[in-house]
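Numbering (the numbering used here), first residue to last: 3 to 337.
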């Protein structure tokens with residue numbers, strides 16, 4: 003039995019209740035909390051962090067806090083897929099940062115990077131998507147992945163992504179949820195979901211439209227074409243692109259400058275900027291409902307199966323733009 007409301011097709015899969023990661027519960031009255039959550043210790047979000055360098059682990063996320071900057075490494079082998087374990091770890095991480103700041107520790111910036119040299123984050127696990135049951139009803143709330151990613155926007159610290167690899171699908175959506183994105187020249191971004199019979203379902207439609215405008219967002223979402231680093235910087239998908247050997251230094255300089263400011267000012271500045279853009283929550287619900295409507299038809303099943311049969315969701319294919327484009331063409335029977 004699965005909870006489609008909290009699964010957030012296609013992103014959270016096995017995540018139905020995350021009480022071990024800070025007290026959240028399944029929002030579907032049909033199912034009891036905790037029936038499909040893997041037990042993972044050490045993620046209750048209550049441990050506090052010091053200003054000095056120390057490391058804590060929250061599932062795939064390891065956190066080292068140094069002078070107000072939280073350096074977060076994402077290590078989710080073998081493919082850096084976005085799944086329930088990753089969402090649960092992110093909840094634990096964000097809960098811990100909020101708890102630390104409430105207790106008086108100053109964590110002002112979170113910088114996210116990947117332990118994988120080729121992938122920042124991939125996307126949802128297509129094999130798990132195919133194993134899911136069709137949604138039973140129309141969701142009344144945004145899915146858990148979208149809600150969790152949105153916390154990276156609303157949390158009262160600056161969130162920065164440092165990327166020099168591939169981030170498609172849910173990986174791109176997580177990156178888009180951060181306040182800033184600094185990219186190296188190997189960066190490749192994309193939202194291939196429409197070609198797979200669904201739509202971006204973890205806030206991608208809402209973030210892209212705000213960052214790059216409606217027409218460019220639709221080009222990215224509807225075509226499924228990859229966006230390289232230079233184009234991403236030109237259209238606002240990322241803040242800027244830097245040489246690989248300068249990426250960390252630039253990111254650290256920005257993070258240190260932000261962390262030197264009063265944390266309340268950082269939080270209030272984020273709130274004020276967001277107020278200029280209008281609320282995102284209604285759009286997140288529309289996105290979740292649209293994604294569920296697509297998945298209810300089953301149209302994604304043959305497309306995703308062809309994607310897997312053609313070598314999609316393998317490291318060899320997904321780190322090569324030409325090979326990935328060929329797989330998508332084969333999936334759509336364009337070749």
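Glycine included, each C-beta is placed from N, C-alpha and C at the ideal position. Since we're looking at a predicted model, the values are computed, not measured.
What residue does the beta strand (DSSP E) around residue i start on, and which one ends it?
{"i": "residue 100", "result": "Counting along the chain, residue 100 falls outside any beta strand (DSSP E), though it belongs to the alpha helix (DSSP H) covering 86-104."}
{"i": "residue 1", "result": "Lying before the first or after the last residue shown, residue 1 is absent from the chain, which here runs from 3 to 337."}
{"i": "residue 75", "result": "71-76"}
{"i": "residue 68", "result": "63-68"}
{"i": "residue 375", "result": "The question about residue 375 has no answer here: the residues shown for the chain are numbered 3 through 337."}
{"i": "residue 57", "result": "57-60"}
{"i": "residue 123", "result": "121-123"}
Assuming the contact rule is C-beta atoms closer than 8 Å, residue i and residue j should be a hit. Round their C-beta distance to whole Å, please.
{"i": "residue 251", "j": "residue 186", "result": "With 8 Å as the limit, residue 251 and residue 186 do not qualify as a contact, their Cβ atoms being about 12 Å apart."}
{"i": "residue 249", "j": "residue 184", "result": "6 Å"}
{"i": "residue 190", "j": "residue 168", "result": "5 Å"}
{"i": "residue 159", "j": "residue 240", "result": "Not quite, the Cβ-Cβ distance comes to about 20 Å (not below 8 Å), so this is no contact."}
{"i": "residue 137", "j": "residue 297", "result": "6 Å"}
{"i": "residue 106", "j": "residue 63", "result": "With 8 Å as the limit, residue 106 and residue 63 do not qualify as a contact, their Cβ atoms being about 23 Å apart."}
{"i": "residue 209", "j": "residue 179", "result": "6 Å"}
{"i": "residue 151", "j": "residue 204", "result": "6 Å"}
{"i": "residue 333", "j": "residue 317", "result": "Rounded, the Cβ-Cβ distance is 18 Å, inconsistent with contact."}
For the alpha helix (DSSP H) holding residue i, just list the boundary residues, first then last.
{"i": "residue 135", "result": "Here residue 135 belongs to no alpha helix (DSSP H), and DSSP marks it neither H nor E."}
{"i": "residue 237", "result": "231-237"}
{"i": "residue 329", "result": "323-333"}
{"i": "residue 318", "result": "317-320"}
Whole angstroms are fine: how far does the CA of residue j sit from the CA of residue i?
{"i": "residue 266", "j": "residue 110", "result": "9 Å"}
{"i": "residue 200", "j": "residue 163", "result": "26 Å"}
{"i": "residue 302", "j": "residue 121", "result": "25 Å"}
{"i": "residue 305", "j": "residue 57", "result": "42 Å"}
{"i": "residue 26", "j": "residue 335", "result": "Unreliable positioning characterises residue 26 in this predicted model, as indicated by a pLDDT of 34, which lies under 50. A coordinate reading is not provided."}
{"i": "residue 289", "j": "residue 299", "result": "16 Å"}
{"i": "residue 130", "j": "residue 325", "result": "23 Å"}
{"i": "residue 221", "j": "residue 234", "result": "13 Å"}
{"i": "residue 177", "j": "residue 165", "result": "9 Å"}
{"i": "residue 329", "j": "residue 314", "result": "7 Å"}
{"i": "residue 139", "j": "residue 274", "result": "36 Å"}
{"i": "residue 93", "j": "residue 276", "result": "21 Å"}
{"i": "residue 132", "j": "residue 76", "result": "25 Å"}
{"i": "residue 102", "j": "residue 188", "result": "35 Å"}
{"i": "residue 294", "j": "residue 202", "result": "11 Å"}
{"i": "residue 28", "j": "residue 149", "result": "Residue placement at residue 28 is flagged as unreliable, the pLDDT there being 36, under the threshold of 50; the coordinate-derived value follows with that caveat. Taking the straight line from one Cα to the other gives about 13 Å."}
When the Cα of residue i is compared with those of the options, which residue comes out closest?
{"i": "residue 258", "options": "83, 299, 233 and 73", "result": "73"}
{"i": "residue 155", "options": "247, 313 and 269", "result": "269"}
{"i": "residue 323", "options": "229, 140, 214 and 336", "result": "229"}
{"i": "residue 124", "options": "321, 333 and 215", "result": "321"}
{"i": "residue 171", "options": "132, 126 and 60", "result": "126"}
{"i": "residue 261", "options": "71, 65 and 61", "result": "71"}
{"i": "residue 84", "options": "75, 285 and 128", "result": "128"}
Quick check for students: name the residue ranges of the alpha helix (DSSP H) that lie wholly in the stretch 151-211, counting only runs of 4 or more. Entirely contained in the stretch 151-211, the alpha helix (DSSP H) runs reaching 4 residues are, in chain order, 172-179.
Considering only residues of the stretch 223-310, which uninterrupted beta strand (DSSP E) runs meet the minimum length of 3 residues and lie entirely inside it, listed in chain order? Those beta strand (DSSP E) runs which fall completely within the stretch 223-310 and span 3+ residues do not exist here.
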